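Please read the structure below before turning to the comments.
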Amino acid sequence: MKFIDRFFEKSARSVAQRSSRRGLLKNLSAALVGGAAIPLLPVARASDNKSPPKLPQNDVGDPSSCDYWRYCAVDGFLCECCGGSYNTCPPGTEMSPITWIGTCRNPVDGRNYVISYNDCCGKTQCGTCLCQRDEGDRPLYRADKSNDVNWCLGASSSVYHCSTAIVVGVAFKE
Ligand code: ABN
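Numbering of the sequence shown is given in my numbering, commencing with residue 6 and proceeding in unit increments.
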């Protein structure tokens with residue numbers, strides 16, 4: 006027992022000699038501030054190689070029309086009209102790795118799907134099929150909840166061209 010006592014006393018003294026209260030407070034506050042900032046960071050999903058959710062075989066609607074179900078929370082030019090498609094970037098552009106996320110109801114099965122609105126970057130703005138639906142959009146001062154953001158700021162070129170709408174998951178809670 007004495008051996009264990011001595012061992013812990015020695016370890017505690019050694020830690021106390023090597024550290025200060027100010028240092029402990031500094032590290033603790035850095036961890037708290039850093040931890041609080043994590044939920045505010047934009048979502049990086051472009052490199053996520055998880056398999057996409059199973060969608061119904063049949064799809065309804067026209068992906069070059071703003072009314073198409075996947076565009077319920079979009080704000081931008083539809084890549085479908087710009088040489089790409091609703092889920093791919095036009096040739097010569099790069100997909101933003103950070104995105105705005107929305108939840109849209111698929112009229113075929115009535116389920117809600119999580120949609121990632123990745124911007125395509127590296128060419129001047131497409132200029133056709135401007136679509137602003139904004140479901141769930143919040144003012145720009147809540148950057149994590151606003152779709153009015155140029156996500157190309159996270160790509161190698163910050164020049165915005167158009168927006169895609171990629172299904173990344175099924176929404177279980179609304
Ligand atoms: N995410 C579309 C977009 C791009 C540039 C500026 C506003 C919105």
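Don't be surprised by glycine CBs; every beta carbon is placed ideally from N, CA and C.
Small disclaimer: the values here were computed from a predicted structure and weren't measured.
Can you tell me the Cα-Cα spacing of D153 and V20, whole angstroms? For D153 and V20, the distance between alpha carbons rounds to 50 Å.
Nearest-angstrom Cα separation, counted from V113 out to P61: Their backbone Cα atoms lie some 7 Å apart in a straight line.
Terminal residues of the continuous alpha helix (DSSP H) containing Q22? Its alpha helix (DSSP H) spans residues 7 to 23.
Identified DSSP bridge partners for G107: I120.
Going by DSSP, what residues sit across from G81 in a beta bridge? C136
Once you ignore the five residues that flank D67 on each side, which residues in its own chain have a CB closer than 8 Å to its CB? Y73
Determine, using beta carbons only, whether C95 and C86 come nearer to each other than 7 Å. Per the sequence presented here, residue 95 reads as Pro, with Cys not at that position. No. Outside cutoff.
Mind checking whether C125 and C71 have CB atoms under 7 Å apart? no
What residues are listed by DSSP as bridge partners for Y165? Paired residue(s): C126.
Can you tell me whether L145 is buried or exposed, with buried defined as 16 or more other CB within 10 angstroms of its CB? exposed
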